[in-house]
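Numbering (the numbering used here), first residue to last: 202 to 482.
Below you can see the structure in the form of structure tokens.
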């Protein structure tokens, strides 16, 4: 399972399965939390399930609630974010923050879907090394009849230089109290490039993705993935065994590069420690 909201929903159903099978819920929670350390939605869903279980509730009902809430939340994110999209916009997105990464509709792609009549082209980074942009985002958009062009990750700067990008919108896996945001590896590079070219850069994420226990992004744990994602292609080795591999799955974009964070409660802007504070009360 991939995509922070989808991971959270899956965790809720995992807790429901543990309850149905009569497993120790605290032990199940521990195992689930360790599965994907970067995506905070997982821990949020697990803790909510534990709390509801103490009230004697059926966790399958809780999981179904979380599933439906996520769809409603994503549509609210789309409605909140569509106003930032200028007419005839050319939008760049990264990884997959659509229906295939959530319970449905999507966060970043939710904004794109809600504003599709204002968009002339979406550029989807292929998103190395697992190609979620090429394999998932491009598929979703094409199926929705939204014009999409797939590009290699290292082409984004050139497109910006050629003034072919008006807006960048991406999802998030964890957002710290100060607005620092962890998302798929390569997001930070896009944010820096967008900043250098004066292009608005937005995050789209539900409030469940915020982690107010973390003061800044340096405290966000970064998951590392299998070296084979880089050393093999279609089962064929393409990198020498003599080479070392570093394959972090996420990076952290400092809040200073983020023009706004689109949530189901509206758009929050810098200074984030102040604007986001009301969510933590």
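Cβ coordinates follow ideal geometry from the N, Cα and C atoms, glycine included. Since the model is a prediction, treat every value here as computed from it, not as a measurement.
Look at residue 378 and residue 474 and say whether their C-beta atoms are less than 8 Å apart.
-> As a working mapping, residue 378 is identified with position 177 in the chain shown. As a working mapping, residue 474 is identified with position 273 in the chain shown. Yes, Cβ-Cβ distance for residue 378 and residue 474 is below 8 Å.
Out of 274, 297, 369, 296, point me to the one whose CA is closest to residue 320's CA.
-> Sequence index remark: in the chain shown, residue 320 carries index 119 (1-based). The shortest Cα separation from residue 320 among 274, 297, 369, 296 belongs to 369.
At which residue ranges does the region 380 to 442 contain complete alpha helix (DSSP H) runs of 4 or more residues, listed in the order of the chain?
-> Entirely contained in the region 380 to 442, the alpha helix (DSSP H) runs reaching 4 residues are, in chain order, 388 to 397, 429 to 432.
Would you identify the three-state DSSP class for residue 211, choosing helix, strand or coil?
-> Your numbering for residue 211 matches position 10 in the chain shown. Of the three classes helix, strand and coil, the one that applies to residue 211 here is helix, per DSSP.
Is it the case that the Cβ atoms of residue 334 and residue 311 are separated by a distance below 8 Å?
-> In the chain shown, residue 334 corresponds to position 133, counting from 1. In the chain shown, residue 311 corresponds to position 110, counting from 1. No, Cβ-Cβ distance for residue 334 and residue 311 is not below 8 Å.
Which first and last residues belong to the alpha helix (DSSP H) in which residue 192 is found?
-> Given a span of 202 to 482 for the chain in the structure shown, any question on residue 192 remains unanswerable.
Beta carbon of residue 302 nearer than 8 Å to that of residue 207 | If you number the chain shown from 1, residue 302 lands on position 101. If you number the chain shown from 1, residue 207 lands on position 6. Remark: C-beta atoms of residue 302 and residue 207 approach each other more closely than 8 Å.
What residues in its chain sit with their C-beta under 6 Å from that of residue 431, if we drop five residues either side in the sequence?
-> On the chain shown, position 230 is the one that residue 431 refers to. So the qualifying residues of the chain are 330, 446, 448.
Cutoff 6 Å; reference residue 392; Cβ partners in own chain excluding five residues on either side = Against the chain shown, residue 392 aligns to sequence position 191. Spatial neighbours of residue 392 in its own chain (CB-CB distance under 6 Å, excluding positions within 5 residues in sequence) are listed in chain order as 402, 454, 458.
Contact the region 423 to 440 vs the region 242 to 262: 3+ CB pairs below 8 Å | Too few Cβ pairs lie closer than 8 Å, so no.
Mind checking which residues open and close the beta strand (DSSP E) that includes residue 368?
-> Position 167 of the chain shown holds residue 368. Counting along the chain, the beta strand (DSSP E) containing residue 368 begins and ends at 368 to 371.
Quick one: what's got a C-beta closer than 8 Å to residue 407's C-beta in the same chain, skipping five residues either side?
-> Here residue 407 refers to the residue found at position 206 of the chain shown. Correct list, in chain order: 206, 242, 271, 274, 275, 278, 308, 464, 465.
Residue 308 (DSSP reduced to helix, strand or coil) = Walking along the chain shown from the start, residue 308 turns up at place 107. Taken through DSSP and simplified to helix, strand or coil, residue 308 comes out as coil.
Shortest alpha-carbon distance to residue 350 belongs to which of 358, 359, 361, 338?
-> Numbered from its first residue, the chain shown carries residue 350 at position 149. If you compare the alpha carbons of 358, 359, 361, 338 with that of residue 350, the shortest gap goes to 338.
How big is the Cα-Cα spacing for residue 294 and residue 371?
-> Here residue 294 refers to the residue found at position 93 of the chain shown. Here residue 371 refers to the residue found at position 170 of the chain shown. Distance between the alpha carbons of residue 294 and residue 371: 5 Å.
Residue 374 vs residue 417 beta-carbon contact at 8 Å | Here residue 374 refers to the residue found at position 173 of the chain shown. Here residue 417 refers to the residue found at position 216 of the chain shown. Not closer than 8 Å, so no.
Residue 215 to residue 248, Cα distance in whole Å?
-> For the purposes of this step, residue 215 is taken as residue 14 along the chain shown, with counting starting at 1. For the purposes of this step, residue 248 is taken as residue 47 along the chain shown, with counting starting at 1. Rounded to the nearest angstrom, the gap between the Cα atoms of residue 215 and residue 248 is 12 Å.
Alpha-carbon to alpha-carbon, residue 390 and residue 203 | Within the chain shown, numbered from 1, the residue matching residue 203 stands at position 2. Within the chain shown, numbered from 1, the residue matching residue 390 stands at position 189. Roughly 21 Å separates the two Cα atoms.
Just mark residue 397 as buried or exposed, buried being the case when its beta carbon has 16 or more other beta carbons within 10 Å.
-> Along the chain shown, one-based indexing puts residue 397 at 196. The residue in question, residue 397, is exposed, as its Cβ has fewer than 16 Cβ neighbours within 10 Å.
Taking Cβ to Cβ, would you say residue 415 is nearer than 8 Å to residue 421?
-> Residue 415 sits at position 214 when you count from the first residue of the chain shown. Residue 421 sits at position 220 when you count from the first residue of the chain shown. Their beta carbons are under 8 Å apart, which means residue 415 touches residue 421 by this criterion.
For residue 287, which residues from the same chain have a beta carbon less than 8 Å from its beta carbon, with the 5 sequence-adjacent residues on both sides left out?
-> Mapped onto the chain shown, residue 287 falls at position 86. Its chain contains 319, 367, 368 as the residues whose beta carbon lies nearer than 8 Å to that of residue 287, once the 5 sequence neighbours on both sides are disregarded; these appear in chain order.
Note the first and the last residue of the continuous beta strand (DSSP E) segment covering residue 322.
-> Stepping through the chain shown from its first residue, residue 322 is reached at position 121. That run of the beta strand (DSSP E) goes 320 to 326.
Would you mind stating whether residue 451 and residue 404 have Cβ atoms separated by less than 8 Å?
-> Mapped onto the chain shown, residue 451 falls at position 250. Mapped onto the chain shown, residue 404 falls at position 203. No.
Which residues DSSP lists as bridging residue 352, in chain order | On the chain shown, position 151 is the one that residue 352 refers to. Beta-bridge analysis with DSSP links residue 352 to 326.
Could you give the residue range of the beta strand (DSSP E) that holds residue 453?
-> Position 252 of the chain shown, counting from 1, holds the residue named residue 453. 451 to 454 is the span of the beta strand (DSSP E), which, as asked, contains residue 453.
Out of 433, 462, 305, point me to the one whose CA is closest to residue 210's CA.
-> Numbered from its first residue, the chain shown carries residue 210 at position 9. When each option's Cα is compared against that of residue 210, the closest is 305.
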